[in-house]
Amino acid sequence: MKARRYLTILISLFLLGCANKQVNFDTGTGFACFDEPKWPNGKKQYYLCVFELNTISPHYSKSDRMVLVNKFIEKIGKECTVSEGQEMVDPKAETDHVMFLMVHHVRCN
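Take the sequence shown: its letters are residues 43 to 151, numbered as in my numbering.
Written out as structure tokens, the structure reads:
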């Protein structure tokens, strides 16, 4: 019984450490920015801005997405760099409704 309780506590602590916290930022239809879990020895803070895109998305243009990412950086008030977006295509997408995610990694000091 003690082993089960100990294992439950360890799993709970692990899940709490993996939890992502959304930063207080205006999220909207098809996008969100949130912080990634921080490495114990890491000095930089990492954030993700994720955009769900399809052909009618309001964030289909890279310049429109970067406006939102830059607003997010202004909101957190840190010096940050942004990596280029990465596309992840939905393998089950139909021809008339192709959807993918664009992820912008934001690294701050």
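Beta carbons: idealized from backbone N, C-alpha and C, even for Gly.
Query                                                                                             : Result
Extent of the continuous alpha helix (DSSP H) run through Glu116                                  : Lys104 to Ile118
Closest Cα partner of Ala74 within the set Thr97, Ser125, Arg107 and Ile98                        : Arg107
Proximal residues to Arg149 (C-beta, below 7 Å), its chain only, five neighbours per side dropped : Lys86, Tyr88, Cys122 and Thr123
Thr123, enclosing beta strand (DSSP E) - first and last residue                                   : Cys122 to Val124
Delimiting residues of the beta strand (DSSP E) encompassing His147                               : Met141 to Cys150
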